[in-house]
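First to last, the sequence lines map onto chains S and V.
Last residue of the first sequence: 1830 in our numbering, with the numbers rising by one and none dropped.
Last residue of the second sequence: 261 in our numbering, with the numbers rising by one and none dropped.
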Amino acid sequence: MSDGDLGTPFRQRAGSAMKDAFLQEALTIATTKFIGLRREAFEGFPEGEALRDRARAIKEATLQRLDHHLETLVGNVERLGGQVHYAATSEEARSIVVDIARRTGARMAVKSKSMATEEIHLNEALERAGITPVETDLGEYIIQLAHERPSHIITPAIHKTKGQVADLFRRELKRPVEADPEVLTRIARGELREKFLQADLGITGANFAVADTGTVVLVTNEGNGRMVTSLPRVHVAVMGIEKVVPSFTDLMVFLAILAKSATGQKLSVYTSLVRGPRRAGELEGPEEFHLVLLDNGRIAQLGGPLREALYCLRCGACLNVCPVYRQIGGHAYGYTYPGPIGILLTAMLEGPRSVKDLAHASSLCGACADACPVRIDIPRMLIELRREVDDKKIAPWRERVVFKLLALVLARPGLYRLAARAGRLLQRPFAREGTIRGLPFFLDEWTRTRDLPVVARRTFQERWASEKGFTR
Amino acid sequence: MTGRRRASLMVTCLGDLFFPEVGVSIVRVLQRLGVAVDVPPGQTCCGLPLFNSGYHTEAAAVAGRTVSLFADSDHVVVPSGSCAWMLKHEYPGLLSDAGLGRPAEQVAARTYEFSQFLVSVLGVTEFTSAVPGRVTYHDSCHLLRGLHESRSPRTLLENLRGTELVDLPGADECCGFGGSFAVRLPEVSSQILAKKLANVEATGAGCLVACDAGCLLQMGGGLRRRNSRVRALHLAELLDGVPR
């Protein structure tokens, strides 16, 4: 499923996802595993809570002076011989990367996992320009073979079972394949080795960029990031402007909590620090290094209601714990970033109209805010989005009428009592032994799967008014 | 005890309309403990459904009324964690524009979810069960992650004479209610519920306890639809047993 399915209403997309038995199996196994691993990682790490507070404070302070930190970063990257580009939109970012590829005569680009390049739909743009993008993260490699999009921020192929991956490899690579993760990894590794050596261009995202040293930081587990940044002649890193951190001391705080939140690892297997292109006397590294700073709606939110969403480290913890994500997976959301944080990022990138339904794709249970390493108050911002959707009359008029009527009733006890009496009268045809199993109109959305208790013969307040105390 | 404790019950809309017996149990439990209970007349709802759906002006009007109803209360006792959270965490900000921020804060500071009131204010943890047997406990999201309360209800259940408390796997996971979420995305809501109820039934408990009318509406409704032998009850209904 891809962005192309946005023609189908969200509720239907979610419904189809819940009917996909493979997806359901894959989601349950993966999210349950990640929840446990994250919990264990923090249980064995008493400093964790204080570090989360500190990480949040660093994000807050950094965004307050974002222009300053970006200037420092740009100055240092350039001093090291790198080139910095600013992209206001996805389109600008795409053409910057395509131009670099063309100018350097690149035919093939190897990529390490990057949500920023997913966000700008870079692969399609490269293909149109005659440059072959090759995803080298195993999960990304799988979904590229399948012509799909990531369904999770850190485990892009979370929606696939190992059996499905084996089938895919068999079909695409035209050879027999065993449904064993180790075998599958070995096959991908073999396929990719050649590509690393052939590629002219290496494209990455950036988990962080340290302003005062000009270092781009990549957090990976498979080692592909190292190959992508050291083998090809040219390295382009695409990074959201909010990823800048002032210093290495700050970086350490984030590294201490990022992998624990994401996969439950103490640290990821590789933490790669990239400082500009190869310098005289160095044995490896690219001849050219480019850093693309991507705005794409971020600056506009610096002072906006979604500001906190810019603290996001892209760890995916909020997806794993979200009861909605756990039922429907990432594709049903319909945009690049799924899950609770994804709804906020979608609103930021695509505007409030895009989240008319998604803003309600949450029970506001708060598990996301609880799991977030920088404690982003996601439920609170979802409520703000709902408010915007109502205020701008993007919400359907029927819904707005229902809520205005409800407000009228709840602000007037006389009307409230009348409504209770009306409810008792109207429920009569549907009530059996104190319970209701079917109701007409939209009320059936409840009763199709759940009983509804009847409005009590006498409400509590009616009983209190007549009895003034209760004895047993 | 110096002087008699006084508490006002905020029964909540769901408590008033669908679960009056919960309010009755709360009143009896508190009165048995010597608390003078009053129920300020003209109560409707805390406004959380309006607030959560983004209708904040409308929610503020409801909140303003609620604050004036409880302005003179020593303690406000609320049977649902979500409504208590609304009063404590959202009222002050919601009402600050109307110049009611201070009275809202005063009411917020005196507001307690039922189990918290028993354990933290009254310091009482010993009760006799009205529903003997094996029970299990579901953490309501707002009580757990909003008010950071997981201990008080468990303390009360662990000490409850006549019951055995068994752990519910995934007790801290949402039941899928979420107010209007339950009818906006009923299929998702119901699948979350189905997984919750499977966990509940696997405990072998005869009774599922929660401290939120919303969760009880959802989980109770699901259990009845499955013709389950498990009953969903509010904590107060269990604590309302008469000591022998």
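C-beta: ideal position from N, C-alpha, C; glycine also.
If you ignore the 5 residues before and after Ala115 of chain V, its C-beta comes within less than 8 Å of the C-beta of Ala77, Gly81, all in its own chain and listed in chain order.
With respect to chain V, the C-beta atom of Cys1673 of chain S has no partner C-beta closer than 8 Å.
Listed along the chain, the chain S residues whose CB falls inside 9 Å of the CB of Tyr129 of chain V amount to none; the nearest CB is some 18 Å away.
Residues of the stretch 55-76 of chain V with a C-beta less than 8 Å from any C-beta of chain S: Val56, Pro58, Gly59, Gln60, Thr61, Cys62, Gly64, Pro66, Leu67, Phe68, Asn69, Ser70, Gly71, Tyr72, His73, Glu75, Ala76, listed in chain order. Taking a beta-carbon distance threshold of 8 Å, Ile1501 of chain S does not count as an interface residue toward chain V.
Chain-order list of chain S residues neighbouring Gln235 of chain V: Arg1808, by C-beta distance under 8 Å. In this structure, the straight-line span from the alpha carbon of Val41 of chain V to that of Val1812 of chain S is close to 17 Å. Per DSSP, the continuous alpha helix (DSSP H) segment holding Pro66 of chain V begins and ends at 65-69. With a threshold of 16 other beta carbon atoms within 10 Å, Asp1715 of chain S meets it and is buried. Counting of Cβ neighbours within 10 angstroms places Asp1538 of chain S among the exposed residues, the total staying below 16. Residue-level contact check: Pro1604 of chain S does not touch chain V, since none of the beta carbons of chain V fall below 8 Å from its beta carbon. A direct Cα-Cα distance of roughly 22 Å separates Ser157 of chain V from Thr1386 of chain S. For Arg248 of chain V, the enclosing beta strand (DSSP E) has its first and last residue at 248-251.
Asn1678 of chain S counts as buried, since at least 16 other C-beta atoms from the protein chains shown sit within 10 angstroms of its C-beta.
Counted as a single uninterrupted DSSP element, the stretch harbouring Ile1393 of chain S is not any beta strand (DSSP E) but the alpha helix (DSSP H) occupying residues 1379-1401. Around the Cβ of Arg201 of chain V, a 10 Å sphere holds 16 or more other Cβ atoms; the residue is buried. Beta-carbon to beta-carbon, Glu181 of chain V and Arg151 of chain V are separated by about 5 Å, close enough to satisfy the 8 Å threshold. Counting only runs of at least 3 residues, the stretch 1533-1612 of chain S fully encloses the following beta strand (DSSP E) elements, listed from N- to C-terminal order: 1559-1562, 1566-1568, 1573-1578, 1592-1598. By the criterion of at least three beta-carbon pairs nearer than 8 Å, the stretch 187-202 of chain V is in contact with the stretch 1716-1733 of chain S. With a beta-carbon spacing of about 21 Å, Gly1583 of chain S and Ser1509 of chain S fall beyond the 8 Å limit used to define contacts. The residues Leu1381, Ala1384, Ser1509, Gly1687, in chain order, have a CB closer than 6 Å to that of His1517 of chain S in the same chain once the five nearest residues on each side in sequence are set aside. For the options V:Ala199, V:Ala227, V:Arg241, the alpha carbon positioned closest to that of Asp184 of chain V is the one of V:Ala227.
Gln60 of chain V sits buried, since 16 or more C-beta atoms from the chains shown fall within 10 Å of its C-beta. At a C-beta separation below 7 Å, Phe1828 of chain S has these neighbours in chain V: Val41, Val44, Arg45. The shortest CA-to-CA distance from Leu160 of chain V to any of V:Ala230, V:Glu254, V:Ser245 is the one to V:Ala230. Pairing Asn1565 of chain S with Lys1391 of chain S, the inter-Cα distance amounts to about 23 Å. Residue pairing by DSSP places Asp55 of chain V opposite V:Ser25 in a beta bridge. The closest CA to that of Arg1591 of chain S, considering only S:Glu1646, S:Val1541, S:Val1568, S:Phe1554, is found on S:Glu1646. Under DSSP, Gly150 of chain V forms a beta bridge with V:Thr180. In the structure shown, Thr1366 of chain S adopts coil according to DSSP, grouped into three states. Per DSSP, reduced to three states, the secondary structure at Tyr72 of chain V is coil, with no helix or strand assignment. Each of S:Val1611, S:Ala1483, S:Ala1667 was checked against the Cα of Ile1734 of chain S, and the nearest Cα belongs to S:Ala1667. With a contact defined as Cβ atoms closer than 8 Å, Ala222 of chain V and Val46 of chain V miss out at about 21 Å. Between the stretch 1529-1546 of chain S and the stretch 1418-1437 of chain S, the count of Cβ pairs shorter than 8 Å is below three; the stretches do not touch.
Under DSSP, Met1466 of chain S forms a beta bridge with S:Thr1490.
Taking each of S:Gln1370, S:Ile1699, S:Arg1528, S:Ile1454 in turn and checking the Cα distance to Ala1504 of chain S, the smallest one comes out for S:Arg1528.
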